[in-house]
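Heads up, the thing below is written out as C-alpha cells.
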Amino acid sequence: MGLEQPVLAAHFRNHQIGVPKRARLIHHQHAKRLHWMIRRYTGIPVCVGVAPTHTLAKLANRIAKKHSGYPGVCIMHPESDEARHLLQQIDVGDVWGVGRRLNERLQVLGIKTVWDLREADAKRLRWKFSVNMERTVLELRGISCLEMNDFNEPRKRIMTSRPFGRPTGQLYDLQGAVRQHAQRGAEKLRGQKSLARAVLVFLRTNRFRPDLPQYAPNKVVELERPTQDTRDILHAANEALAKIYRPKYAYTKAGVMLLDLTDQHRQQLSLMDTPQTEEERQRSQQLMATMDALNEKMGKGTVRLGLPEKNAPWHLRCASRSPRYTTSWDELMKAYTDEGTAKRISIGL
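Residue numbers (this note's numbering): 57 to 405.
This is how it looks when you write it as C-alpha cells:
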C-alpha cells in the first residue's frame with residue numbers, strides 16, 4: 057500500500073538547540089524515538105526535522121527525506137559547519153514560502169542557495185520584497201519569527217486551482233472547471249468565517265510547450281458587497297471567464313482566487329441597505345449553512361450548483377493513485393479464500 061509521506065517539522069523548545077551537547081543528544085533521542093514510534097505503530101514512513109525555527113525545521117525535514125546521510129532524522133544547528141555545508145547545496149527555491157516567481161527574482165539578485173539567502177541583507181530584502189522575506193532570512197539564522205498561532209490566522213486570500221487531465225479549448229469545459237473551483241473556494245471562505253470583496257479567475261496554457269501558442273490571462277471582478285454566497289461568487293467568476301476566454305488556445309489549468317477577505321462578524325453595511333437586503337442576507341446564510349451541513353454529512357460535492365460532468369477533459373487523472381484502503385469503502389482491501397470467494401476486510405475499523 058502506498059501512502060503519501062507526511063511531513064513532520066518537530067520543534068522542541070525545552071532546550072536551546074546548537075549550544076549544549078546534552079541538549080543536542082536529547083533532541084536526537086526525541087527525534088529518533090518519534091521516528092521509530094510512528095513507523096512501528098502506524099506503518100507510515102515519516103521524516104523528522106528538528107531546528108530552533110519553523111523554516112529551518114522544514115529544511116531539516118527535507119534533508120532527512122532526501123539526503124542519504126540522514127536516514128529519517130536531521131537535527132539542524134544553525135551555526136554549525138554542517139548546517140552551512142547543507143544549506144549551500146539546497147536551492148533557494150526549496151525554502152518554505154519561496155515560490156517560483158520569487159525564486160526567479162532572487163536568482164537575479166545572485167541569491168541562488170539557501171545559504172546565500174541566509175547571509176543576505178535582511179533589511180534590503182524587506183524593502184525589495186516584503187516583511188515576510190525579512191522574517192525568512194532571520195528564521196534561517198536561527199531567530200524565531202513565527203509562532204504556532206500564526207498558522208491558525210484566517211488567510212488573506214483563498215485560491216483553488218488544479219491542472220487539467222488533458223488540454224481543452226472549449227468554453228464549456230472551462231466553465232465546468234471554474235464552477236467547481238468557485239464552489240470549493242466559497243466553502244473554504246465560509247469555513248474560516250470570512251467574506252470576499254473580489255473574485256479573480258485565471259487560465260494557463262502549457263508553459264512547458266514553447267512550440268504551442270501561450271496565453272496566461274487573469275481578470276478580477278469586484279463584488280457588489282462582501283459575500284460568502286456561492287451563487288454570487290460563481291456569477292462573478294463566470295463574468296471574469298467570459299472576458300478572458302480566447303478559443304484558439306489549448307488550456308491546461310484554470311483557477312479561482314477570492315480576494316480582499318474580511319471577517320464576517322465585522323461586515324460593513326451600506327447606507328443603501330434596506331430591510332429586504334438584510335432579509336436576503338439572512339436567507340443566503342441559511343442556504344449556504346444548509347449546503348455545507350449536507351455536504352459534510354453526505355460527502356463532499358453532494359449538493360452543488362450545476363450538473364456534474366463525468367469524464368470531462370478538465371478532470372484530474374488519477375491513473376497512478378494508490379488505492380485508498382483506509383478512507384474509501386469502495387476500495388477496501390480484498391482477501392481471496394481458497395474457494396475463490398472475495399471477502400472484504402475492514403482495515404482499522
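Beta carbons are placed, not taken as given, at the ideal position from N, Cα and C, and that holds for glycine.
A distance below 7 Å between beta-carbons, with the five flanking residues on each side excluded, links residue 387 to the following residues of its chain, in chain order: 379, 380 and 381. Less than 8 Å separates the beta-carbon of residue 178 from that of residue 190.
DSSP, reduced to helix, strand and coil, places residue 165 outside both helices and strands of the structure shown, so it counts as coil.
Per DSSP, reduced to three states, the secondary structure at residue 214 is strand.
Residue 309 is not a Cβ neighbour of residue 275, given a cutoff of 8 Å.
The continuous stretches of alpha helix (DSSP H) do not include residue 199, and DSSP gives it neither H nor E.
283 is the residue among 283, 297, 353 and 377 whose C-alpha sits nearest the C-alpha of residue 341. As for any beta strand (DSSP E) of minimum length 3 sitting wholly inside the stretch 301-359, the runs are 307-315, ordered along the chain. Along the stretch 72-131, the alpha helix (DSSP H) occurs as fully enclosed runs of 4 or more residues at 77-98 and 110-122, listed in sequence order.
Here DSSP, grouped into helix, strand and coil, assigns residue 151 to coil.
Our two residues, residue 251 and residue 289, have alpha carbons roughly 10 Å apart in a direct line.
By the C-beta density criterion, residue 171 is buried, having at least 16 other C-beta atoms within 10 angstroms.
By the Cβ criterion, the stretch 144-152 is not in contact with the stretch 229-240, since fewer than three pairs of Cβ atoms, one from each stretch, lie closer than 8 Å. Of 285, 132 and 85, the smallest CA-CA separation from residue 337 is found for 285. Residue 174 and residue 307 have their alpha carbons spaced roughly 38 Å apart. Secondary structure at residue 262: coil, using DSSP grouped into helix, strand and coil. With a threshold of 16 other beta carbon atoms within 10 Å, residue 243 meets it and is buried. Beta-bridge analysis with DSSP links residue 250 to 319. If you look at residue 173, you'll find it isn't in any beta strand (DSSP E); it sits in the alpha helix (DSSP H) that goes 170-175. For residue 279, the enclosing beta strand (DSSP E) stretches over residues 274-283. For residue 143, the enclosing alpha helix (DSSP H) covers residues 137-143.
Closest in alpha carbon position to residue 296, among 320, 269, 322 and 259, is 259.
Residue 292 counts as buried, since no fewer than 16 other beta carbons sit within 10 angstroms of its beta carbon. When only Cα atoms are considered, residue 89 and residue 128 end up about 11 Å apart. Note on geometry: alpha-carbon atoms of residue 314 and residue 249 lie some 13 Å from one another. It is roughly 15 Å from the alpha-carbon of residue 234 to the alpha-carbon of residue 254.
Take residue 360, set aside five residues on each side of it, and the residues of its chain with a beta-carbon closer than 7 Å to its own are 239, in chain order.
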